[in-house]
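Number of protein chains: 2
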Amino acid sequence: MSKTDSAAAPAPEGLMLPVPGVDYGLLDGLLGYALRRAQNALYLDFHRATAAWDVSPQRFAALVLIARNPGMRQGLLGQAMGLHRSGALRLTDWLTAQGWAERRDAPDDARAWGLHLTAAGKRRLAQLEAAVAAHDRTLLAGLGEQGPALKAALDRLAWVATAQSTTPQNKPRRQTP
Amino acid sequence: MSKTDSAAAPAPEGLMLPVPGVDYGLLDGLLGYALRRAQNALYLDFHRATAAWDVSPQRFAALVLIARNPGMRQGLLGQAMGLHRSGALRLTDWLTAQGWAERRDAPDDARAWGLHLTAAGKRRLAQLEAAVAAHDRTLLAGLGEQGPALKAALDRLAWVATAQSTTPQNKPRRQTP
DNA sequence: TATTGTTATACTCTATAACTATA
DNA sequence: TATAGTTATAGAGTATAACAATA
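Line order of the protein sequences matches chains A and B. Just so we're aligned: 2 in full-length UniProt numbering is position 2 of the first sequence, and the numbers increase by one with no gaps anywhere. Just so we're aligned: 71 in full-length UniProt numbering is position 71 of the second sequence, and the numbers increase by one with no gaps anywhere.
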């Protein structure tokens, strides 16, 4: 279909690090802004680490999820990644267009697909996982002793922010509003 | 003049929290994925905290920057926020369309603008800052003792990731402080 | 009637490239 | 020649809505 199937430069944004001479006001003290800066830097760094394949973090995550949960539905993939069904569809379309994933009939539900990685997808994932894991180890090494604590604090932060914004019931999944 | 000038629902994405029964493989152990999850949760939570005004984190940051650096150029605004010139243009266009910012001639360079907040922009910023600061305090309170350490670790992480990806000779835009 | 996936469409964000007007 | 900003366009990502097939 499209000729931009394989690699289309997923729009790497510019750096958000503090510019000397600019007063950031309360932004410099906000947890949320620090998080955004860090995520921006990591996003760019992820691209560098996986430049040979040009796969976005999201597509990489989808590969991992399908590999670890063979036969999972598109809807579940979207749910796990915070995507709408239509987004999960486009993501799956892209993966199948690469020849890395395929849709098979779900055994228990004729409406649904079961997602599986192809042999090529498994090989590509193995390469990506090696690069990403090495990349993450380098980051952790750069953080020193703070690393593991940071990871734990981030997990907790995601939970805290969610607990705030959702009603007292623990309902992380999205329901019809 | 679009009719969606004031509020256009900046696409709040779904939650990315772990779905029970789904195996996330190495994603669960990655610093980068934890960061993405946390940022996703905070993004949604920011929207909740500022729902009364419907201003995105980026637009809020632009307001703060202009307020603290009156007369700053569009280009510098973009640089501080990791945006291309065209992105800084559209951001400024939006702010001026709201009546919150205005372009004035730069005294020293006839090519450039100096950006300033209007009185309405200052009032709106004051409201937003109060809401955002309260929101951030709530997050910190939820984190307890980990909070300040997390903030420091995030600042460091952004620096570590950038130091890695920045090649010695290729200077992206600016130098590290 | 509800759910799974699809199709079609629209909107946001960001980037590139060519253009102007200054420097 | 280089820079600040603009214009036009393209691409990725996400959402909504209506639809078909199945539960």
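Heads up, the beta-carbon is just placed ideally off N, CA and C, and yes, glycines get one too.
Closest Cα partner of residue i within the set the options
i         : options                                     : result
Gly144(A) : Val19(B), Leu89(B), Arg156(B) and Leu143(B) : Arg156(B)
Gly14(A)  : Tyr24(A), Leu26(A) and Arg37(A)             : Arg37(A)
Val160(B) : Asn40(A), Val19(A) and Tyr24(A)             : Asn40(A)
Asn69(B)  : Asp136(B), His116(B), Pro18(B) and Asp45(B) : His116(B)
Gly71(A)  : Thr50(B), Asp23(B) and Ala134(B)            : Asp23(B)
Val132(B) : Gly21(B), Met16(B) and Ala49(B)             : Ala49(B)
Ala119(A) : Gly21(A), Ala52(A) and Ala67(A)             : Ala67(A)
Leu89(A)  : Ala112(A), Pro107(A) and Asp108(A)          : Ala112(A)
Gln73(B)  : Gly21(A), Ala52(A) and Trp53(A)             : Residue identity differs from the one stated: residue 73(B) is Arg in this sequence, not Gln. Ranking the options by Cα distance to Arg73(B), first place goes to Gly21(A).
Gly121(A) : Ala97(A), Gln146(A) and His47(A)            : Ala97(A)
Start and end residues, alpha helix (DSSP H) containing residue i
i              : result
Arg85(B)       : Arg85 to Gln98
residue 223(B) : The structure shown does not extend to residue 223(B), since chain B spans only 1 to 177, so no value can be given for it.
Ala101(A)      : Ala101(A) -> not in any alpha helix (DSSP H); beta strand (DSSP E) instead, spanning Ala101 to Asp105.
Pro57(A)       : Pro57 to Arg68
Tyr33(A)       : Leu31 to Ala49
Leu76(A)       : Gln74 to Met81
Distance between beta carbons of residue j and residue i, contact taken as under 8 Å
i         : j         : result
Asp105(A) : Gly114(A) : 7 Å
Leu42(A)  : Ala62(A)  : Incorrect: roughly 18 Å between the Cβ atoms, too far for contact.
Glu129(A) : Leu26(B)  : 6 Å
Gln79(B)  : Val19(A)  : 6 Å
Leu83(B)  : Leu95(B)  : Not confirmed; about 13 Å, so no contact.
Gly75(B)  : Arg85(B)  : 6 Å
Leu154(B) : Leu17(A)  : Not confirmed; about 12 Å, so no contact.
Gln164(A) : Asp45(B)  : 6 Å
Ala149(B) : Ala149(A) : 6 Å
Next on the checklist: Which residues of the region 121–139 of chain A have a Cβ closer than 9 Å to any Cβ of chain B? Give them in chain order.
Outcome noted: Glu129, Val132, Ala133, His135, Asp136, Thr138 and Leu139
Checklist entry - Between the region 25–40 of chain B and the region 130–150 of chain A, do at least 3 Cβ pairs fall closer than 8 Å? => result yes
Item to check | Positions along the region 39–55 of chain B whose CB lies within less than 9 Å of some CB in chain A | outcome: Gln39, Asn40, Ala41, Leu42, Tyr43, Leu44, Asp45, Phe46, His47, Arg48 and Ala49
Checklist entry - Of all the residues that make up the region 97–120 of chain B, which are near chain A by a beta-carbon distance shorter than 7 Å? => result none
Next on the checklist: For the pair the region 114–131 of chain A and the region 62–75 of chain A, tell me if three or more CB-CB distances fall below 8 Å.
Outcome noted: yes
Item to check | chain B contacts from the region 83–95 of chain A (Cβ-Cβ distance under 8 Å) | outcome: Leu83 and His84
Item to check | Near-chain B residues of the region 64–75 of chain A - C-beta to any C-beta below 8 Å | outcome: Val64, Leu65, Ala67, Arg68, Asn69 and Met72
Checklist entry - Which residues, taken in chain order from the region 145–159 of chain B, show a beta carbon closer than 9 Å to some beta carbon of chain A? => result Gln146, Gly147, Ala149, Leu150, Lys151, Ala152, Ala153, Leu154, Asp155, Arg156, Leu157, Ala158 and Trp159
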